[in-house]
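Protein chains: 2
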Amino acid sequence: MGLIKPSYVCMLTLAMDIVGGKWKMVILWQLRNGVARFRELKRLLNGITQKMLTQQLRELEEAGLITRTVYPVVPPKVEYRLAEEGTKLIPALDALCQWSTNYASSHGIVESSCCATHMVEK
Amino acid sequence: MGLIKPSYVCMLTLAMDIVGGKWKMVILWQLRNGVARFRELKRLLNGITQKMLTQQLRELEEAGLITRTVYPVVPPKVEYRLAEEGTKLIPALDALCQWSTNYASSHGIVESSCCATHMVEK
DNA sequence: CCTTATTGTATCATTTTAGATACTACGTAT
DNA sequence: ATACGTAGTATCTAAAATGATACAATAAGG
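Line by line, the protein sequences are chains S and B. Residue numbers 117 to 238, in our numbering, belong to the letters of the first sequence in order. Residue numbers 117 to 238, in our numbering, belong to the letters of the second sequence in order.
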């Protein structure tokens with residue numbers, strides 16, 4: 117979301133600076149049970165553009181939440197997975213997810229096909 | 117953050133639509149142990165403008181996370197407090213807060229005076 | 001030589017979010 | 001009469017986030 121500052125009055129603000137925005141939490145969530153390649157993530161993150169995905173992944177890497185493994189082959193192969201710090205965040209995301217699932221069900225909001233990781237398509 | 121849609125693929129996205137953005141979570145956090153008036157909130161939310169605070173509070177109210185109580189006196193007196201749905205979110209915010217506190221301490225980020233609610237000033 | 005597959009970059013436009021500033025209403029105290 | 005305090009609105013501007021589109025690199029397969 118924003119650049120990370122040297123000091124914070126409220127730690128929630130720091131959390132938002134690290135994983136706020138439209139995509140970061142969803143990316144981490146998709147990585148929660150394993151590794152994924154760029155293309156695979158793009159498919160899972162319905163509608164994200166290449167530029168955004170690259171950008172978000174770089175920022176998450178920079179913050180130390182994910183790792184990026186490049187295999188020197190062609191065509192390119194790059195794997196993304198949670199780093200230590202990223203893994204530690206999963207319980208919080210899970211709590212958030214449960215809250216909003218409950219919220220949705222009592223507000224007539226529909227959960228369409230949910231975040232199934234590693235869906236096999238076609 | 118954004119308008120709430122009728123359906124979501126990932127519930128984290130819903131959470132972000134409800135409490136994303138720069139201020140919403142912090143407002144809820146400040147309300148976690150009780151009531152606060154408009155002016156009081158403005159003081160606690162270092163640097164928020166009146167317009168933003170009003171706007172964020174209205175959106176939180178609309179989403180059913182807080183309640184707004186107007187006393188018909190002059191000068192005006194309005195109290196804000198967590199509603200049921202807002203209270204249910206606190207554990208998730210707490211998890212997030214703990215994560216980022218830990219993150220901060222291992223990344224040389226400083227927590228300056230933290231989110232003390234209801235500070236008595238002067 | 002041309003196409004395909006994968007992971008990108010670069011440039012520009014649009015949308016969303018946030019901020020600055022000025023103004024309103026009204027009872028009470030001075 | 002005037003200023004004060006609280007909780008706002010209204011208007012305009014600036015900054016940040018997101019999106020669309022086109023292009024690059026390179027080995028393998030035909």
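Don't be surprised by glycine CBs; every beta carbon is placed ideally from N, CA and C. Bear in mind the structure is a predicted one, so any value in this text is a computation, not a measurement.
- Close to chain S, meaning a Cβ-Cβ distance shorter than 9 angstroms, are the following residues of the stretch 204 to 225 of chain B: K204, L205, P207, A208, L209, D210, A211, L212, C213, Q214, W215, S216, T217, N218, Y219, A220, S222, H223, G224 and I225.
- In the three-state scheme derived from DSSP, where H, G and I count as helix and E and B as strand, K158 (chain B) is classed as helix.
- In this chain, the alpha helix (DSSP H) harbouring K204 (chain B) covers E200 to S221.
- For the stretch 121 to 134 of chain S, residues whose beta-carbon sits nearer than 8 angstroms to a beta-carbon of chain B comprise K121, P122, S123, Y124, V125, C126, M127, L128, T129, L130, A131, M132 and I134.
- Taken through DSSP and simplified to helix, strand or coil, V194 (chain B) comes out as strand.
- I182 (chain B) is bridged by DSSP to B:L198.
- In the displayed model, R174 (chain B) falls within a helix according to three-state DSSP.
- 8 angstroms or more divides the Cβ of Y187 (chain S) from the Cβ of A152 (chain S).
- Taking all protein chains in view, the Cβ of K140 (chain S) is crowded by 16 or more other Cβ atoms within 10 Å, so the residue is classified as buried.
- By alpha-carbon distance to E201 (chain B), the top candidate from B:T183, B:Y124 and B:L160 is B:T183.
- When C-beta atoms of the stretch 210 to 229 of chain B are compared with those of the stretch 124 to 142 of chain S, three or more pairs fall below 8 angstroms, so the two segments count as touching.
- Within its own chain, the residues whose Cβ lies closer than 6 angstroms to the Cβ of L160 (chain S), once the five positions on either side in sequence are excluded, are Q146, listed in chain order.
- For E201 (chain S), the C-beta contacts it makes with chain B under 7 angstroms involve Y219, in order along the chain.
- The beta carbon of A179 (chain B) sits closer than 6 angstroms to the beta carbons of I134 from its chain, once the five residues preceding and following it are set aside; these are given in chain order.
- DSSP places V189 (chain S) in no alpha helix (DSSP H); its state is neither H nor E.
- Shown here for L209 (chain B): same chain residues with a beta carbon closer than 7 angstroms to its own, the five before and five after excluded, namely M141, L144 and W145 in chain order.
- Scanning chain S for C-beta atoms nearer than 7 angstroms to the C-beta of G136 (chain B) yields G136, reported in chain order.
- Each residue's CA atom was taken as its position, placing K204 (chain S) and A131 (chain B) some 19 angstroms apart.
- Excluding its 5 nearest sequence neighbours in each direction, G118 (chain B) has C-beta neighbours in its own chain below 6 angstroms: D133, listed in chain order.
- Listed as beta-bridge partners of R153 (chain B) by DSSP are B:E195.
- Annotated three-state conformation of V125 (chain S) is coil, per DSSP.
- Looking from the CA of K138 (chain S), the closest CA among S:T165, S:L128, S:R155 and S:G150 belongs to S:T165.
- Against chain S, the CB of V186 (chain B) has no partner CB under 8 angstroms away; the residue lies outside that interface.
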